[in-house]
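Below you'll find the structure, written out as structure tokens, and then a few comments.
Chains as they are written, first to last, in my numbering: chain A, 93 to 350; chain B, 195 to 446.
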């Protein structure tokens with residue numbers, strides 16, 4: 093079991109000094125990842141999930157390299173690489189084919205990530221349909237008990253948003269700071285962390301980049317930082333990880349090494 | 195001339211009343227309200243245009259139903275696949291997005307802009323939904339970002355999106371309720387022309403809430419039962435409603 097330094101201070105240097113995310117598996121549940129984009133680099137594994145009502149679980153799963161149907165998953169992968177250049181990226185494609193069955197496919201994607209033991213899962217997507225409240229809650233609990241860190245973009249819409257509003261996930265909103273290693277802890281969740289996501293240049297489809305704003309692009313910053321910390325402190329649980337992030341946040345003490 | 199059976203006469207009268215009352219009871223024409231929402235949003239954001247696209251019943255397309263500003267005339271009724279472009283991304287991910295330099299996005303260039311004749315530089319797009327379903331997307335093109343508090347625009351447009359969502363859901367609930375009422379009347383008087391017409395209309399409609407219709411059918415059946423059964427049903431339904439109202443409050 094990994095122990096936190098209860099006698100000393102938790103600093104950024106303690107948390108990730110010299111770390112690169114090496115050996116940590118990070119899944120991106122999104123529209124696929126374009127591995128040829130210069131912001132991304134190698135993609136370790138890929139699976140494409142689509143809705144198929146003729147199958148018992150309604151989801152067809154095709155393993156093997158795939159492209160990005162929007163550019164969005166590539167954007168997230170590129171951002172994760174900033175903090176965790178050496179992590180192993182896994183693409184779980186659930187978006188882009190069609191809307192029908194989206195919730196079922198999304199849930200199956202999360203289940204796939206948990207079953208395959210990926211330690212960090214980035215979800216820059218959500219569903220507001222009440223029918224999926226308990227499905228995602230169960231999956232979020234399962235992930236938590238297995239030590240899988242679920243990083244979710246909150247959406248700014250007033251209605252419900254699953255799984256980003258559950259207490260066990262790392263929910264992230266965009267703030268206007270630019271430092272890719274900087275982030276805030278929000279003492280009034282449900283958006284628990286703030287990370288860069290306003291007017292940021294990101295990877296997009298067909299090898300391009302665009303300047304954009306969205307919580308979607310803040311979440312992968314936190315996912316990358318978590319992978320970075322995990323590579324130095326394997327075995328941290330989600331609650332220990334939150335403690336570390338809380339201690340080294342921009343708006344907390346301890347971030348500069350004491 | 196044969197006299198109409200009294201039951202059918204009542205139904206004919208009822209149908210006429212519903213016909214006259216229908217438009218008056220429709221929650222202030224949601225279309226007008228939606229137009230007002232896009233016009234107001236455009237004004238507040240100092241934007242070139244604001245438009246609303248709703249998902250088709252099979253969710254394969256987004257249809258621009260309301261638009262205000264530049265290119266509004268050509269964007270109205272435009273249909274685009276729901277899995278493409280910025281609007282497609284927003285309904286897929288249910289996440290709002292701002293793209294500041296659209297011309298750099300190779301997918302968008304061939305998307306809506308070309309077909310409307312207005313090529314925007316920037317877009318702010320937010321999903322429109324209700325707790326029951328995802329409805330579509332609202333977009334603001336080329337807003338004035340030098341306005342005070344322009345950094346809160348995503349949150350602000352989300353408020354407009356919620357308003358639009360409520361208006362749409364309200365209007366749909368109304369027409370579903372209307373259908374359910376007619377169903378109940380028709381079930382209570384089988385073999386009438388109203389019942390036949392309704393059966394025909396239902397066969398053609400594709401977005402009827404089946405469960406609501408089933409419920410209406412059960413109520414019609416309940417009419418045959420006794421007073422105690424009526425009381426029991428009333429108490430059960432009231433409790434269900436109390437429970438769901440409490441649940442809705444906790445969620446908001």
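Beta carbons are placed, not taken as given, at the ideal position from N, Cα and C, and that holds for glycine.
Three-state secondary structure assigned by DSSP to residue i
i	result
residue 186/A	coil
residue 224/A	helix
residue 303/B	Any reading at residue 303/B must be qualified, since the residue scores a pLDDT of 47, below 50, and its modelled position is unreliable; the value itself is stated next. In this structure, residue 303/B counts as helix in the three-state DSSP scheme.
residue 276/A	strand
residue 125/A	coil
residue 153/A	strand
residue 273/B	strand
residue 203/A	helix
residue 164/A	helix
residue 245/A	strand
residue 368/B	helix
residue 349/A	Its pLDDT being 46, under 50, residue 349/A is placed unreliably by the model, and nothing is read from it.
residue 181/A	strand
residue 356/B	helix
residue 410/B	helix
residue 437/B	helix
residue 196/A	helix
residue 236/A	helix
residue 195/B	Confidence in residue 195/B is poor, its pLDDT being 48 and thus under 50, which makes the residue's placement unreliable; the coordinate value appears in the next sentence. It is coil, neither helix nor strand.
residue 431/B	helix
Extent of the continuous beta strand (DSSP E) to which residue i belongs
i	result
residue 138/A	137 to 143
residue 230/B	Residue 230/B -> not in any beta strand (DSSP E); alpha helix (DSSP H) instead, spanning 224 to 239.
residue 343/A	That residue, residue 343/A, is in no beta strand (DSSP E); it is neither H nor E in DSSP.
residue 262/B	255 to 263
residue 333/B	328 to 335
residue 321/B	317 to 323
residue 249/B	243 to 249
residue 212/A	212 to 215
residue 351/A	Nothing about residue 351/A can be reported from this structure: the residues present for chain A run from 93 to 350 only.
residue 293/B	291 to 293
Nearest-angstrom Cβ-Cβ length linking residue i and residue j, presumed shorter than 8 angstroms
i	j	result
residue 313/A	residue 341/A	The Cβ separation is near 12 angstroms, so there is no contact.
residue 336/A	residue 111/A	Not quite, the Cβ-Cβ distance comes to about 12 angstroms (not below 8 angstroms), so this is no contact.
residue 166/A	residue 102/A	Actually they do not touch by this definition, with Cβ atoms about 33 angstroms apart.
residue 292/B	residue 348/B	7 angstroms
residue 147/A	residue 201/A	Residue 147/A to residue 201/A, Cβ: 15 angstroms. No contact.
residue 151/A	residue 197/A	6 angstroms
residue 321/B	residue 285/B	6 angstroms
residue 295/A	residue 170/A	4 angstroms
residue 245/A	residue 310/A	7 angstroms
residue 363/B	residue 245/B	Going by Cβ atoms, the distance from residue 363/B to residue 245/B rounds to 19 angstroms, so no, they are not a contact pair.
residue 319/A	residue 118/A	5 angstroms
residue 361/B	residue 224/B	5 angstroms
N- and C-terminal bounds of the alpha helix (DSSP H) containing residue i
i	result
residue 285/B	279 to 287
residue 107/A	104 to 108
Any non-hydrogen atom of the ligand SAM within 7 angstroms of residue i CB
i	result
residue 225/A	Of the ligands one can find in the structure shown there are none, so the ligand SAM has no counterpart to examine.
**Message:** Does the stretch 173 to 183 of chain A come into contact with the stretch 132 to 146 of chain A, if we say contact requires no fewer than three beta-carbon pairs (one atom in each stretch) closer than 8 angstroms?
**Reply:** yes
**Prompt:** Does the count of Cβ pairs from the stretch 319 to 328 of chain A and the stretch 299 to 307 of chain A closer than 8 angstroms reach three?
**Reply:** Contact between the stretch 319 to 328 of chain A and the stretch 299 to 307 of chain A is absent: fewer than three C-beta pairs spanning the two stretches fall below 8 angstroms.
**Item:** Ranges of the beta strand (DSSP E) found wholly within the stretch 261 to 336 of chain A, counting only runs of at least 3
**Value:** 262 to 267, 285 to 288, 292 to 295, 301 to 305
**Prompt:** Taking one C-beta from the stretch 340 to 359 of chain B and one from the stretch 237 to 254 of chain B each time, how about it: are there three or more such pairs within less than 8 angstroms?
**Reply:** yes
**Asked** Taking three-plus beta-carbon pairs below 8 angstroms as touching, is the stretch 210 to 223 of chain A in contact with the stretch 240 to 254 of chain A?
**Response** Taking 8 angstroms as the limit for Cβ pairs, the verdict is that the stretch 240 to 254 of chain A does touch the stretch 210 to 223 of chain A.
**Message:** Any contact between the stretch 243 to 257 of chain B and the stretch 274 to 289 of chain B? By contact I mean 3 or more CB pairs, one from each, below 8 angstroms.
**Reply:** Touching, yes.
**Item:** contact_flag[the stretch 222 to 236 of chain B, the stretch 353 to 369 of chain B] where n(CB pairs < 8 angstroms) is 3 or more
**Value:** yes
**Request:** Check whether the stretch 232 to 241 of chain A touches the stretch 275 to 286 of chain A, taking contact to mean three or more Cβ pairs, one atom from each stretch, closer than 8 angstroms.
**Result:** no
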